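Accompanying notes for the structure given below.
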Amino acid sequence: MKYQRFEQTIIVRMDKGEDIVKQVKNVALKEKIKLASISALGAINEFTVGVFKTKEKKYYANEFKGDFEIVSLTGTINTMNDEYYSHMHLSAGNDQGQVFGGHLNKAIVSATCEMVIQIINGEVDRYFDEEVGLNLLKL
Numbered sequence: 001m002k003y004q005r006f007e008q009t010i011i012v013r014m015d016k017g018e019d020i021v022k023q024v025k026n027v028a029l030k031e032k033i034k035l036a037s038i039s040a041l042g043a044i045n046e047f048t049v050g051v052f053k054t055k056e057k058k059y060y061a062n063e064f065k066g067d068f069e070i071v072s073l074t075g076t077i078n079t080m081n082d083e084y085y086s087h088m089h090l091s092a093g094n095d096q097g098q099v100f101g102g103h104l105n106k107a108i109v110s111a112t113c114e115m116v117i118q119i120i121n122g123e124v125d126r127y128f129d130e131e132v133g134l135n136l137l138k139l
């Protein structure tokens with residue numbers, strides 16, 4: 001991974017074999033990011049995304065392997081209990097144009113991933129909401 005910071009914007013290039021989720025955390029910790037938005041595109045050959053079943057208050061994971069283009073990767077960097085926290089969603093398309101997606105758990109780059117991290121001045125923490133079953137923004 002290589003990246004360059006331009007004031008409040010970071011441009012990231014992730015390389016073949018790198019896990020996008022892990023690299024976002026690496027950049028955020030190195031740059032001491034407490035609040036930011038994320039967007040990206042690229043190519044991946046393995047990814048795991050989850051779907052939250054609201055009635056059960058539980059995530060179910062779906063794993064995919066093959067050649068996929070990132071159609072959309074969006075998310076946030078913030079904190080929970082003043083520690084790093086990220087929340088990302090991924091949609092990826094195969095060679096037939098079928099798109100699969102959900103809450104991003106893991107994505108391995110097959111060629112490259114180009115990401116923009118837009119830092120926001122401020123800090124927003126999260127808390128676990130018993131009723132919903134998720135870590136919500138504390139606003």
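Under UniProt numbering, think of the first position of the sequence shown as 1, with each following residue one higher.
Just so you know, even glycine gets a beta-carbon here, dropped at the ideal spot from N, CA and C.
All of these numbers come straight from a predicted model, not from anything done at the bench.
Please classify residue i as buried or exposed, where buried requires at least 16 neighbouring CB atoms within 10 angstroms.
{"i": "glutamine 23", "result": "buried"}
{"i": "glycine 122", "result": "exposed"}
{"i": "valine 51", "result": "exposed"}
{"i": "glycine 42", "result": "buried"}
{"i": "phenylalanine 47", "result": "buried"}
Can you pull the DSSP bridge partners for residue i?
{"i": "glutamate 46", "result": "Lys65, Ile108"}
{"i": "isoleucine 78", "result": "Reading off the sequence, residue 78 comes out as asparagine, not isoleucine. Paired residue(s): Tyr85."}
{"i": "lysine 58", "result": "Lys53"}
Sort the options by Cα distance to residue i and report the nearest one.
{"i": "lysine 34", "options": "Phe100, Ile44, Phe128, Thr79", "result": "Thr79"}
Roughly how many whole angstroms lie between the Cα atoms of residue i and residue j?
{"i": "glycine 66", "j": "glutamine 4", "result": "30 Å"}
{"i": "residue 147", "j": "histidine 87", "result": "Any question about residue 147 goes unanswered here, given that the chain covers just 1 to 139."}
{"i": "tyrosine 85", "j": "asparagine 45", "result": "25 Å"}
**Asked** Should the stretch 28-44 be regarded as contacting the stretch 67-78, the criterion being three or more beta carbon pairs within less than 8 Å?
**Response** yes
**Message:** Taking 8 Å as the cut-off, does the stretch 123-133 touch the stretch 13-27 (at least 3 CB pairs, one atom from each stretch)?
**Reply:** no
**Request:** Taking 8 Å as the threshold, find out whether the stretch 7-18 comes into contact with the stretch 55-62 through three or more Cβ pairs.
**Result:** no
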